[in-house]
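Structure first, then comments.
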Amino acid sequence: MVTIKSKYEIEKMREACRIANLAQKAVEKAIKPGISTLELDKIAEKTMRDNGAIPAEKGYPSGVKGVPDFPGSICASVNDVIIHGIPSSKEIIKDGDIISIDLVAYKNGFNGDCCRTYVVGNISAEAQRLIDVTKQSFFEGMKYARKGYRLGDISHAIGEYVRKNGFDVIKEFEGHGIGREMHEEPGIPNSGKPGRGIRLQPGMTLAVEPMVVAGSPEIWQADDGWTIFTQDGNLSAHYENTILITEKEPEILTLA
Ligand code: MG
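Letter by letter, the sequence shown follows residues 0 to 255 in numbering that gives the first Met the number 0.
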């Protein structure tokens with residue numbers, strides 16, 4: 000079921016999302032060659048806890064027998080890791096890397112979810128273009144994230160923009176409704192047919208998150224049961240915000 004949030008619930012969502020964005024800013028400031036992904040994880044966790052939130056990804060169940068719950072406070076996905084990279088003291092980021100930080104702050108019963116792909120030092124022009132196209136594809140989707148349009152209009156706008164720019168989206172993972180649960184209905188694919196899917200209504204809160212690859216969209220999962228790589232080793236970027244559908248423009252809660 001797709002939930003429509005009340006005014007009260009929207010206020011709680013705003014607060015969780017505000018803290019998620021604060022955690023992103025703290026991580027962004029700390030990113031430099033030589034820092035480990037675990038150090039970035041600790042910075043995000045401290046920012047959330049200092050603001051009365053907890054990192055909702057920590058302990059998130061894998062749902063798969065034999066695969067432990069997610070150990071990190073963030074997902075830290077470097078270069079050809081698309082999503083769900085596990086923070087580690089052994090993983091040191093270096094000049095020329097790109098790193099996606101996906102995090103969820105949970106406070107007062109509600110979740111705020113966002114992801115950014117950051118640059119480490121000097122990167123190639125093509126890597127920068129991948130990051131820029133990924134971010135812009137989210138905003139292309141936002142043109143349709145309003146009352147009267149359908150979910151497929153958002154998906155279509157994202158996928159078309161990405162492909163027009165020579166990149167591709169992955170199909171196995173998608174955006175999602177969000178609220179009391181990190182993952183609620185509906186699923187929001189990053190590609191699709193316009194005019195299809197549920198009609199958007201004020202009060203819906205959605206996590207829209209293009210996951211874009213520079214090469215083939217085939218994915219590969221590491222033996223840890225979490226980390227998702229591009230199969231061909233090409234770069235991947237990810238950009239996400241939690242948004243609120245309103246009577247007019249969408250409100251981008253994790254950018255406020
Ligand atoms: Mg996320």
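Backbone N, C-alpha and C define an ideal beta-carbon position, used for all residues, glycine too.
| Query | Result |
| --- | --- |
| Contiguous alpha helix (DSSP H) assignments of at least 4 residues, all confined to the stretch 143–189 | 150–163 |
| Inter-residue spacing [alpha-carbon to alpha-carbon] between E184 and Q230 | 28 angstroms |
| V161 and S123 closer than 8 angstroms at C-beta | no |
| Proximity test, E208 beta-carbon vs the ligand MG heavy atom, cut-off 7 angstroms | yes |
| beta-carbon E171 near the ligand MG non-hydrogen atom, thresh 7 angstroms | no |
| Beta-bridge partners of S235, as assigned by DSSP | V212 |
| Extent of the continuous alpha helix (DSSP H) to which S136 belongs | 124–141 |
| Own chain, CB closer than 7 angstroms to G214, minus 5 neighbours either side, in chain order | T229, D231, N233 |
| Sequence-distant residues of its chain with Cβ nearer than 7 angstroms to N78 (five each side left out) | D96, I97, L234 |
| Nearest-angstrom beta carbon gap, E56 and L102 [assumed within contact, 8 angstroms] | 7 angstroms |
| Start-to-end residues for the alpha helix (DSSP H) that takes in I9 | 6–29 |
| Extent of the continuous beta strand (DSSP E) run through L243 | 240–243 |
| Nearest neighbour of G147, chosen from G202, P86, I218 [CA to CA] | G202 |
| Selection from I251, I73, V80 that minimises the alpha carbon distance to I227 | V80 |
| Unbroken stretches of the alpha helix (DSSP H), 4 residues or longer, contained in the stretch 36–79 | 36–49 |
| Heavy atom of the ligand PLP within 7 angstroms of E44 beta-carbon | This structure lacks the ligand PLP; its bound ligands are the ligand MG. |
| Closer than 7 angstroms: E184 CB and nearest the ligand MG heavy atom | no |
| Helix, strand or coil at T253 [DSSP, three-state] | helix |
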